[in-house]
Structures are given as C-alpha cells and as structure tokens.
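Only one structure is covered here, and it is reproduced in the block below.
There are 2 protein chains.
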Amino acid sequence: MASTMTNLDLLQSRTLADLVQQEILRLIKAGEIAAGAKLNELTFVQLLRVSRAPIREAFRALEAAGLVKLEKNRGVFVREISGDEARELYQLRAILDETAGRYLAPRISDTEIIELQGWLTRLEAAAATGQVGDYFPLNIAFHDRIVEMTGNITLLEFYRRAIDRMHLLRRQSFSAPGGSNPSRQEHRAIVAALESRDPDLAAAILRKHVENGYQRFLDINT
Amino acid sequence: MASTMTNLDLLQSRTLADLVQQEILRLIKAGEIAAGAKLNELTFVQLLRVSRAPIREAFRALEAAGLVKLEKNRGVFVREISGDEARELYQLRAILDETAGRYLAPRISDTEIIELQGWLTRLEAAAATGQVGDYFPLNIAFHDRIVEMTGNITLLEFYRRAIDRMHLLRRQSFSAPGGSNPSRQEHRAIVAALESRDPDLAAAILRKHVENGYQRFLDINT
DNA sequence: AGTTGCCATATTGTCGACAATGTGACAATC
DNA sequence: GATTGTCACATTGTCGACAATATGGCAACT
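Chains as they are written, first to last, in this note's numbering: chain B, 2 to 223; chain V, 2 to 223.
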C-alpha cells in the first residue's frame, strides 16, 4: 500500500510527540502493554531515542483519549476497565453501531455492498487459518468500515474512540476468538440487512451483534 | 459550595499542566477565546506565569479532546466547526440524549424528578432576568444532569465530550438565546416525559428537543 | 514484633537554553 | 509591477538540568 504522504509532508506535519503517541497506542492495541501497566518515561526515552518532552506530551494526549491515567509524581498507567465500564462501553458501542446501520442502510451504494461482501470473504479466510492475530484486526476494521461508510466523520471519531478504549479489555475477549461461528453468521446477517436497505432491520441486527458480543465477552470472562 | 478537595489533595493530584488545561478550556467555553484563534505559548507563559512545558502538555490534551488543532511549527489553533460538523454533532447529541432518556425514564426516582423540577424553576428564573450569561450554562447543566442521572459514566463522558465540542460553535448559537419559549416548553415536556417513566416517550421528546435546537441553530445562522 | 526515622534512589514536574522553522519586510532584479 | 533573494525576528520542538516527590530498605527505638 503506497503511502500518499511524502517525506516532506511527513516532516512538516508530524512531531516526535505525534509519533511517540502513535507507537504507544499501537503497543497498547497490540496487547504488548497490558492494562494496568506503568509507562516509564525513561524506558521510552531509551526505546524510542527521544527526549522526555515528546513522551510527556504523548502521554497527555493518551490520557485525554481515556487510554491511560496520569498519577502525579507516580507515573502513567494504562487504564484498567472494570466490569461496569465494560458494560457501558458495549452499551455505547451498540448505540453507535445501531445508529450507523440505521443511517447507512437506506443510503448504501451497490459498490459498498460488494465491498462488504469482500470483507466477509476475508473474515472467513482469516477464521479458516485459525490465526487470531489475523482475524482480530480484520473484525475491528470491518465494523470501522461500516461506520466510515456513513460519511459522518464525528460519529466515526466517537466510534473509534470507544473502540480504542475497548482494546483495554483483555485482548481476546472483546472479539470472539478466531471468530466464532455465530459471530461470523452475524456478520453475514449484517451485510444482508444493509443490502436490504431497511434502516430498522440494519439497526436491529447491528445492535444485536454488539449485544451478543457482550454476552460472549461475559461468557469468556466468568 | 464547599470544595471537598483539601490543599494537600490538590497539590498531590494536580499538576500545572492540569490547571493550565482547565483554564484554557474555561476560556474557550466562556467564549473568551474564539474558534479559529491562535493560542500562543508565550502569551500563556506570561498570563499564567508558568514555563512552556505545562502549556505544551495542556495543548496536547486539548488537541486529543478535539478542541484545538496543533499545526507543527505554526502553532495551536482553536478548532472551527463547519456546518457539516455542526450537523453531525447535533446528530450525535440527539442519539446520546435519546439514549439517556430511554434509559433513565423507567428508573428515575421521585427525588430525581423533584430535582429536575427545581432545575425548571431555575431555568425560568434565569430566562426572566434576561441574562444570557446565566441561562446558557444552566441550560447545559440541566441536560448534563439528566445524562448523569443515568449513572452510565461512559455515556456521560462521551456526552460531555460532544458538548465541549459544541462550545466551538458560536456561543449564543447552540443554545437558544435567553431561552426561547419553545425551548423552555420543551424542557417542561422533557421532565414530564421522564416523570411518566415511559422510555420511548422520553427518548422521543429528548431527541426532538435536540433536533429542534439544531433547527433553531440553523435559523440563527442563516 | 511493631513503629518511627533516616537515607538513597528512581522517577517525575518544571525550568531555561539551543536549534529549527515559518513568516514578513525589504532590497534587488527582470 | 511581479518575482526572487536575503535577513531579522517571533515562535515552536526538543533537549538536558535541577528540584521535588514517592518509595523502599535499613537501623534505631519502644
């Protein structure tokens, strides 16, 4: 995938703090830094070979995004999500997914439907190889793409913020491991509902999918 | 209002960067810094008498909150909200208000209903004095309190994030000036719907209130 | 054994300095 | 008049230093 950003663009728009923030977020999302872990400034100084200031700035941004918690004079910790907060995140996500479905279904183009069918194929292939590392980001991206298709930038931003937060749940817990068969069937039902262009149907299917995902999350965690 | 935070608590938990962030946010929300305005580090150094580092950290947090935009080597600017983004914010807010109403109505306590009736009284009093400065924050706080009553912390956080963003719209535009009579009638209808404990009614009334607010916003801005 | 005091150390919060960047003003050239 | 080149200056990005804080270990005391 060719990047459209040239080196000049990059140097003129991205600070070290931006890149540090991006890298820490990547590590958190990849599960390489666990919820509850302390982020040590000096460790990142050595790891990323920058001075402390950009690291501190990145920490501030991550805190405002709700991913870490800064405790004065004690350090920065990746936030841990309680059972209550998990429930609330799923509830919020259900609302956002439902909204996306209700909005998109009567507006979806034939091209977009074909694209979503391509996503289903890819999800099936990843599930068939049994690689969680492949399936998990693909599942996230599938849902993200649906919200993106609404064209509502603000909705997409808030959705992504909620999903980033959900990464703090145990990694294999907020998306069915390897994609359970019910989950994959639900993906097919989502695409079919969008294809029907019925807003209430799509809304209900997407909402149900998230609620079922929450139930699966509970099953795994109890 | 007595603060429950002692000086010791304060010193142990709040950094200069926290306080700078809070102050800049207050200035933005109060309309003392306009959308589009450039935030100059050195100006804040002099104004707040701190060094540049806490100011830079505060800027990073405000950027992650979506309130300012940091342009490398050029400075930090308060974000301007386009007509499209305004529409999207109102849409998102309608969803969140509706969700709050649907959730709260079947659960609201008698005490909470009495409290909301007190809010109505206060809103009417503020509208009667004709002071926009009094009515505006009260209106915001009334709605905030309703979402808070749901007890869903994550919903409240996302709601507040959206409302903070809406402050970037022209100040007198996202809340009816002085509280128009229709708006105040709608507030009464909201409380009555919550009092009925009918989730669908409350959801619909709250949603309609936001949609009407958007219409009033458009009327003022065109 | 439990409590208090002291110290060393790692780490964080803030500071000021230096280098880099962008912008505008002005002069020179076409 | 339009364009180019140069310079000064304001501002930003990062750096390293200093001071402050929290924590843990150990000794002394009850």
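No residue lacks a Cβ here, since even glycine has one placed at the ideal position from N, Cα and C.
- 8 Å Cβ cut-off: residues of chain B touching V/A18: R61
- Thinking C-alpha only, which one of V/L40, V/Y104 and V/A87 is nearest V/F60? V/L40
- Task: Rank V/N8, V/G67, V/E196 and V/Q118 by C-alpha distance to the C-alpha of V/I82 and give the top, closest one.
- Result: V/G67
- Task: Give the residues of chain B in contact with V/S14, contact being defined as C-beta atoms less than 7 Å apart.
- Result: K73
- Query: Is V/E212 near V/A101, with beta carbons less than 7 Å apart?
  - Reply: no
- Does the Cβ of B/Q92 have 16 or more other Cβ atoms within 10 Å, making it buried, or fewer, making it exposed? buried
- Exposed or buried, which one is V/E72 when buried takes at least 16 other CB atoms within 10 Å? exposed
- Task: Counting only the same chain and skipping the five closest in sequence on each side, list residues whose C-beta sits under 6 Å from that of B/E196.
- Result: I114
- Message: Determine whether the beta carbon atoms of B/E58 and B/A18 lie at a separation below 7 Å.
- Response: yes
- Message: Tell me the residue span of the beta strand (DSSP E) that contains V/K73.
- Response: That residue, V/K73, is in no beta strand (DSSP E); it is neither H nor E in DSSP.
- How is the alpha helix (DSSP H) around V/T100 delimited, first residue to last? G84 to L105
- If you drop the 5 nearest sequence neighbours on each side, which residues of the same chain put their C-beta closer than 7 Å to that of V/R198? A106, P107 and I109
- Message: In this structure, how does DSSP classify B/L169 when only helix, strand and coil are distinguished?
- Response: coil
- Rounded separation between V/L157 and V/V148 - CA only: 6 Å
- Task: Measure from the C-beta of B/I206 to each C-beta in chain V and report whether the shortest distance is under 7 Å.
- Result: no
- Message: With DSSP as the reference, identify every bridge partner of B/V69, one or two as the case may be.
- Response: B/V79
- Task: Going by CA-CA distance only, name the one from V/L48, V/N74, V/F78 and V/N8 that's closest to B/D10.
- Result: V/N74
- Message: Let's see if you can read the secondary structure: which residues bound the alpha helix (DSSP H) around V/E42?
- Response: E42 to L49
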